[in-house]
Amino acid sequence: MMLSYATIGSDDLEKSVPFFSALLETQGATKVFDHPRGGAMFGKDGKLLLGVLTPFDRATASAGNGAMLAFDMPSREAVDAFHAKAIELGGTCEGAPAERGPGFYMAYFRDLDGNKFCACRFG
């Protein structure tokens with residue numbers, strides 16, 4: 001079984017949706033549709049990838065402690081560029097691109113709402 005897609009909550013969709021539009025565009029993903037609850041769903045190659053949404057319960061969005069989403073990149077250079085773009089767009093660095101183990105090249109950042117992400121290349 002594989003992960004189908006993930007969603008994160010945001011309290012400032014006017015900033016978060018453009019952040020992810022610009023960031024995910026670097027890997028060929030685009031906004032698929034505006035979500036009826038607020039926010040947007042992004043995808044690539046006809047598949048959903050990430051939703052940036054108003055939380056279902058309409059309560060304040062929060063970053064999960066220990067939660068992280070990882071994006072598989074096609075190369076180490078793509079990891080570097082994706083991480084740099086996230087920081088350029090206002091994200092914060094949680095770990096610069098580096099080899100974290102044999103064949104595990106990763107970079108970490110937080111988005112504008114504090115959600116943690118990883119750009120990674122295995123092999």
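Counting in the numbering used here, the sequence shown runs from 1 upward without gaps. The beta-carbon is built from N, C-alpha and C at its ideal position, and this holds for glycine as well. If you're wondering where the values come from, they're calculated on a predicted model, not measured in any experiment.
In terms of alpha-carbon separation, which member of Phe-56, Gly-91 and Arg-58 lies closest to Phe-19?
The shortest Cα separation from Phe-19 among Phe-56, Gly-91 and Arg-58 belongs to Gly-91.
Do Leu-89 and Ala-29 count as a contact pair if the criterion is CB distance below 8 Å?
No, the pair does not count as a contact, with Cβ atoms beyond the cut-off.
For Phe-33, which residues does DSSP report across the bridge?
Its beta-bridge partners are Met-41.
Leaving out five residues before and five after Ala-119 in sequence, what residues of the same chain have Cβ atoms less than 6 Å from its Cβ?
A distance below 6 Å between beta-carbons, with the five flanking residues on each side excluded, links Ala-119 to the following residues of its chain, in chain order: Phe-71, Met-73, Val-79, Phe-82, His-83 and Ala-107.
Pro-36, buried or exposed, once every other Cβ within 10 Å from all chains shown has been counted against 16
Under this definition Pro-36 is an exposed residue.
DSSP three-state assignment for Asp-72, whether helix, strand or coil:
Strand, per DSSP.
Apart from the five residues just before and just after Pro-55, which ones in its own chain have a Cβ nearer than 8 Å to its Cβ?
Within the same chain, Cβ atoms closer than 8 Å to the Cβ of Pro-55 are found at Gly-9 and Ala-61, the five residues on either side in sequence being excluded.
Do you know how far the Cα of Ala-40 is from the Cα of Glu-94?
Whole-angstrom Cα-Cα distance: 25 Å.
Considering only the beta carbon of each residue, do Ser-16 and Val-52 sit closer than 8 Å?
The answer is yes: Cβ separation under 8 Å.
For the beta strand (DSSP E) containing Leu-89, name the first residue and the last one.
Note, Leu-89: premise wrong, no beta strand (DSSP E); not H, not E.
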